[in-house]
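For the record, in the sequence shown the residue sitting at position 121 is 120 according to numbering that gives the first Met the number 0, with numbers rising by one throughout.
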Amino acid sequence: MPLNLERVALVGRTYNEYKRMFNITKEYLEGKKTLDVAAGVSNFCAIGNVMGLDITAVDPIYHLMADEIEVQAENDLELVMNQLPVNSSNYNWDFYGDIEGVRVSRVKAYQTFLKHYQAHPKKYVPGEIGKLPFKDKAFDTTLVSHLMFLYDHMFSAEDHIAMFRELIRVTKNEIMIFPTKNLSGENCKWVDLIIQNHEFLDHTFRLEKSHFEFQKGNYLRLRVTV
Ligand SMILES: C[S@@+](CC[C@H](N)C(=O)[O-])C[C@H]1O[C@@H](n2cnc3c(N)ncnc32)[C@H](O)[C@@H]1O
């Protein structure tokens, strides 16, 4: 059974999970300006900046105070965790070990984020993927984890085209999007729509295997050279 989510869930992955999803190292990120889009409780932004990397996060939730985000993160984690037991055969458990391991990882992610969010609010910019509040080509690398393609029952083909147009506008070198399947575990139809769209013919697209496969069969990331 797919996860049943009526709105985009505020659950966050760790820096380590980002490294695996996007196959990136500290060396790859060093000296680059990186944007984490739909970053949520971005452990990636928090840990990356502590490591000396230049990472900016953007998400609509950054209009909220830390304590409001904490309440929503706790509630959404419960919602997702309550559905995992009935769905556990849809997932690989080698990374997290078991359901409790997922909870521990997600709680660690948002707790680290909350501290950094309060101490360094300028790294967290409120904004939506369809209208990013940044200048043209402001970032070398842009990452999108667990929004585009995944929630294709909420965002239409036109929404995806508009989102991708914005990613191209703010990025100088490379865009990576993970995953490429939707919540039902089907290949999202909008992936090919973007790759084949005449508007984006100048860009190079690769579907690459990532080192992260929690939902079985959901391991491809879309990598775009701008
Ligand atoms: C499932 S979370 C993913 C968080 C993080 N990227 C990760 O992979 O751990 C999805 C995030 O998308 C954000 N979101 C929802 N609608 C959005 C929009 N229109 N533009 C940008 N972010 C959005 C939510 O606030 C939420 O933080």
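No residue lacks a Cβ here, since even glycine has one placed at the ideal position from N, Cα and C.
- Residue 83 sits in a helix when the DSSP states are folded into three classes.
- Per DSSP, residue 41 lies in no alpha helix (DSSP H) and is assigned neither H nor E.
- Using a C-beta cut-off of 8 Å, the segment 160 to 179 makes contact with the segment 131 to 142, since at least three inter-stretch Cβ pairs fall below that distance.
- Taken in chain order, the unbroken stretches of beta strand (DSSP E) that lie wholly in the segment 161 to 187 and span 3 residues or more are 170 to 177.
- Under the three-state reduction of DSSP output, residue 209 falls in the coil class, being neither helix nor strand.
- Your pair residue 119 and residue 48 checks out as a contact, with CB atoms roughly 7 Å apart and the cut at 8 Å.
- For residue 184, the Cβ stays outside the 8 Å cut-off from all heavy atoms of ligand 1.
- Measuring C-alpha to C-alpha distances from residue 62 to each of 78, 175, 122 and 53 identifies 122 as the nearest.
- Relative to ligand 1, residue 60 has its C-beta within less than 8 Å of a heavy atom.
- Residue nearest to residue 102 within the set 127, 204, 13 and 18 is 13 (criterion: CA-CA distance).
- Straight across, the Cα-Cα distance linking residue 44 with residue 32 is about 12 Å.
- With a cutoff of 9 Å on beta-carbon distance, residue 126 and residue 57 are scored as near each other.
- For residue 138 against residue 34, the beta-carbon gap comes to about 4 Å, under 8 Å, which counts as contact.
- Residue 182 sits away from residue 210, with the two beta carbons spaced by 9 Å or more.
- For residue 7, no alpha helix (DSSP H) run applies, since DSSP gives it neither H nor E.
- Within the segment 53 to 110, the complete alpha helix (DSSP H) runs of at least 4 residues fall at 65 to 86.
- Excluding residues up to 5 positions away in sequence, 193 lie with their Cβ nearer than 6 Å to the Cβ of residue 163 in the same chain.
- Its Cα nearest to that of residue 175, the residue 222 stands out among 222, 203, 155 and 186.
- Checking the DSSP bridge columns, you'll see residue 35 partnered with 56 and 142.
- Residue 221 has its CB no nearer than 8 Å to any heavy atom of ligand 1.
- Here residue 38 is buried. Its C-beta has 16 or more other C-beta atoms within 10 Å.
- Each of 17, 80, 71 and 78 was checked against the Cα of residue 54, and the nearest Cα belongs to 17.
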